[in-house]
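Chains as they are written, first to last, in this note's numbering: chain V, 1 to 380; chain A, 381 to 779.
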């Protein structure tokens, strides 16, 4: 089946998907609670949308399509409050974070949905190891060519998003040494990594996708696990490198940063992207995963190497006029404070240092996600 | 067994444990039923009145070891209990109170209808309120289950056990004085016993994690330290007149809030817990006499069925209010069916306190034997039907 046409959407509209951890409050391990939580949420008007994920200890929530940061943040908070209230009824904790620090992949249960059962059969233990939690951000594009342009023009900025969202320092009970260890799980999949360097939508569908389809490896865009991928049915590009942050406030700020960058890039102020930009791409991405804000970044055109933190701060500063136009100055200020003060990964490590147990990290993550807001569950 | 040489007598327990373990392993493999059902069967068959392999239960050290095994399980149960849940979801607490009180009332009426004396009926009613934490925790760990039925069965079991220990001690006090004037006294003593046991357990729950922090251990697995502390706690309670069960439960509860790792990999306290579990279930069943069971069987069947009905009905009634489906509510009620080990140890304690109630409670012996074998199967089925067991075969793949 040929790839569907790119549905035009209003440029720079955006939406957020967050994969969240469902934690047992008895031992702070992941718990297969999604069927119970989804059952309970059916009884309550839910802002946005909530769906099961590949294993039953995960859920995914998504916001509606927004044009501005303020309403997006308000909706994410409302979703968060509803989830927290429901989780209180069921004695489970809900947390962000790219990995659960000590869950064992072999204990996870694959959700009973045909696609997930298929993936489990195809990928074997990789499917259960995929019990990692990411934030996806969609940005609306007027047409397929714009989508591919943005997708490739963003390559230089991708490490920013990895470092700013990084919240997965521990894996299977131990400090991995990475700020975002989650992406290592994603890299294991054969269709992960970068999209092919094609800037024309026509060429992407008629040549590349048609060829890939003939290989019988690919049936739809869902079979690609690229860092950034076009989503023709939504008319968006989708950023997939972020860990789920510990708070919805950071998730909204990251989405606003991507929106501001796209606002900037669509004015074509920079030299157009080239295939050679990708010479440094994987190494830059590795630096951001491994060292987070302390990593370094090699510029794809000049090959200058700069500290990633400095590059993030400089870019945030440069994006301020765009953020003003879009109403998201506050979001960029939040991220600048993060770049200076330390990511979620750094904070989780501090909790481990102070409290000395991996259970404490999960407890802290649950408390961070709750925020200050509490709401009594309204029985429906 | 005075005829056998002493060497054989001293071998009786190790041999019984070995046979029970083998029966559990092969039985589980061939039938898919929980191992502990087979431990109970072996204990019963080898017991004095039946196979005459095991000595009579009064022999001290084995009873203490069984208490320690039970203490480890209760600690683990306590460690998994979140008291705050009962506050954020009061309907769960309401379900627990209702199922316990309803069971008490219905079992009392049935026992009276079968011609039991008022005291025996009251005692049976109190014992029937509880569920067996040993069976519940053991099967949940064996099935590696997680979900609402699992969580709720654990919480309701903790709640109904506290209520049962309280009620049972009130009635024991009443038994000792044999007069209704003494009810106030018995109530007071039972309350003091409960509070004292809980306080002692809570003290351990604060001291042990603090000690572990002081010796900078918390990053390592603290399981051994907890096991030693339970050994000590149970021994102290046995020497005094406190309840080792309430103390171990309170120890787990307060240790949980210190969040010093009781590693999930060490569920059941590893091999030590496994060994003591075999001993516990064999010991419990070995205290039963087939003659008592036969004599009480008609009443026992009535009590088992009534308990199943009251617990399932009461928990189901609160299912929707407390946030789960009717089906999961019913399965939670069903999961509270196990009773055996808990009752046997409570009766043993009464005996130690000088109250020989076993003979009067023939029907309870039969109830416990029935539930020693069928209780684990019922909760195992409840967890599987609720799709909470991870040992289920994976669903067929839709390639």
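We treat Cβ as the ideally placed atom computed from N, Cα and C, and that holds for glycine.
query: Whole angstroms is fine: what's the gap from residue 127 of chain V's alpha carbon to residue 99 of chain V's?; result: 14 Å
query: Quick one: is residue 347 of chain A buried, meaning 16 or more other Cβ sit within 10 Å of its Cβ, or exposed?; result: In the structure displayed, chain A extends from 381 to 779; residue 347 of chain A sits before or after that span and is not available.
query: Quick check on DSSP: helix, strand or coil for residue 170 of chain V?; result: strand
query: Please check if any C-beta of chain V sits within less than 8 Å of the C-beta of residue 644 of chain A.; result: Here the model assigns residue 644 of chain A a pLDDT of 49, short of 50, so the residue's position is not dependable and the matter cannot be decided.
query: Quick one: which chain D residues come within Cβ less than 7 Å of residue 460 of chain A?; result: Absence of chain D from the displayed structure is noted, the protein chains being V and A.
query: Below 7 Å CB to CB, which residues in the same chain sit around residue 644 of chain A once its five sequence neighbours on both sides are set aside?; result: Note that residue 644 of chain A scores a pLDDT of 49, beneath 50, so its modelled location is shaky and nothing firm can be said.
query: Using beta carbons (cut-off 8 Å, strictly below), is residue 634 of chain A in contact with chain V?; result: no
query: Between residue 759 of chain A and residue 699 of chain A, which are expected to be in contact by the criterion C-beta below 8 Å, what is the C-beta distance as a whole number of angstroms?; result: Going by Cβ atoms, the distance from residue 759 of chain A to residue 699 of chain A rounds to 17 Å, so no, they are not a contact pair.
query: Report buried or exposed for residue 589 of chain A, applying the criterion of at least 16 other Cβ atoms within 10 angstroms of its Cβ.; result: buried
query: Hey, could you find the ends of the alpha helix (DSSP H) residue 273 of chain V is sitting in?; result: First-last for residue 273 of chain V: undefined, no H or E at that position.
query: Taking 8 Å as the threshold, find out whether the stretch 26–44 of chain V comes into contact with the stretch 526–544 of chain A through three or more Cβ pairs.; result: yes
query: Per DSSP, residue 135 of chain V forms a beta bridge with which residues?; result: V/18 and V/242
query: Would residue 162 of chain V pass as a contact of residue 285 of chain V if the rule is Cβ separation under 8 Å?; result: yes
query: Who are the neighbours of residue 40 of chain V on chain A, taking C-beta pairs under 8 Å?; result: 703 and 704
query: Mind pulling the chain A residues with CB within less than 9 Å of residue 31 of chain V?; result: 526, 527, 530 and 531
query: Buried or exposed: where does residue 767 of chain A fall if 16 or more other Cβ atoms within 10 Å of its Cβ makes it buried?; result: buried
query: On the CB-based measure, 16 or more other CB atoms within 10 Å of its CB, does residue 406 of chain A come out buried or exposed?; result: exposed
query: Given a cut-off of 8 Å on the beta-carbon distance, is the pair residue 16 of chain V and residue 63 of chain V in contact?; result: yes
query: Give the interface partners of residue 246 of chain V over in chain A, defined as CB-CB distance under 7 Å, in chain order.; result: Within chain A, no residue comes near residue 246 of chain V; the closest Cβ sits about 18 Å away, beyond 7 Å.
query: Could you check how far apart the C-beta atoms of residue 48 of chain V and residue 243 of chain V are, in whole angstroms? I think they sit under 8 Å.; result: Actually they do not touch by this definition, with Cβ atoms about 20 Å apart.
query: What is the DSSP secondary structure of residue 5 of chain V, counted as helix, strand or coil?; result: coil
query: With a CB to CB cut of under 6 Å and the five nearest residues on each side skipped, what residues in its chain are close to residue 492 of chain A?; result: 501
query: Am I right that residue 366 of chain V and residue 23 of chain V are in contact with their C-beta atoms under 8 Å? What's the rounded C-beta distance?; result: 6 Å
query: Just reading off the alpha helix (DSSP H) that residue 513 of chain A is part of, what are its end residues?; result: 513–523
query: Start and end of the alpha helix (DSSP H) containing residue 191 of chain V?; result: Residue 191 of chain V -> no alpha helix (DSSP H), and no H or E assigned at all.
query: Listing by chain order, which chain V residues have their CB less than 8 Å from the CB of residue 768 of chain A?; result: 32
query: When you compare the CB positions of residue 18 of chain V and residue 61 of chain V, do they come within less than 8 Å of one another, or not?; result: yes
query: Looking at the structure shown, is residue 645 of chain A part of a helix, part of a strand, or coil, going by DSSP?; result: Low per-residue confidence applies at residue 645 of chain A: pLDDT is 46, beneath 50, and the placement is therefore not dependable enough to give any value.
query: Which residues in chain A have a C-beta closer than 8 Å to the C-beta of residue 126 of chain V? List them in chain order.; result: Ordered by position in chain A, no residue passes the 8 Å Cβ test against residue 126 of chain V, which lies about 15 Å from the chain.
query: Considering only the alpha carbon of each residue, which of A/445, A/587, A/509 and A/719 lies closest to residue 749 of chain A?; result: A/719
query: Is the CB of residue 55 of chain V under 8 Å away from at least one CB in chain A?; result: no
query: Going straight from the alpha carbon of residue 378 of chain V to that of residue 77 of chain V, what length do you get?; result: A caution first: residue 378 of chain V carries a pLDDT of 42, below 50, which makes its placement in the model unreliable, though a value can still be read off. If you take the alpha carbons of residue 378 of chain V and residue 77 of chain V, they lie about 17 Å apart.
query: Should the stretch 295–308 of chain V be regarded as contacting the stretch 272–281 of chain V, the criterion being three or more beta carbon pairs within less than 8 Å?; result: yes
query: Using a Cβ-Cβ distance under 8 Å, would residue 216 of chain V count as near chain A?; result: no
query: Could you please give me the residues that DSSP links to residue 54 of chain V through a beta bridge?; result: According to DSSP, which records beta bridges pairwise, residue 54 of chain V is partnered with nothing at all.
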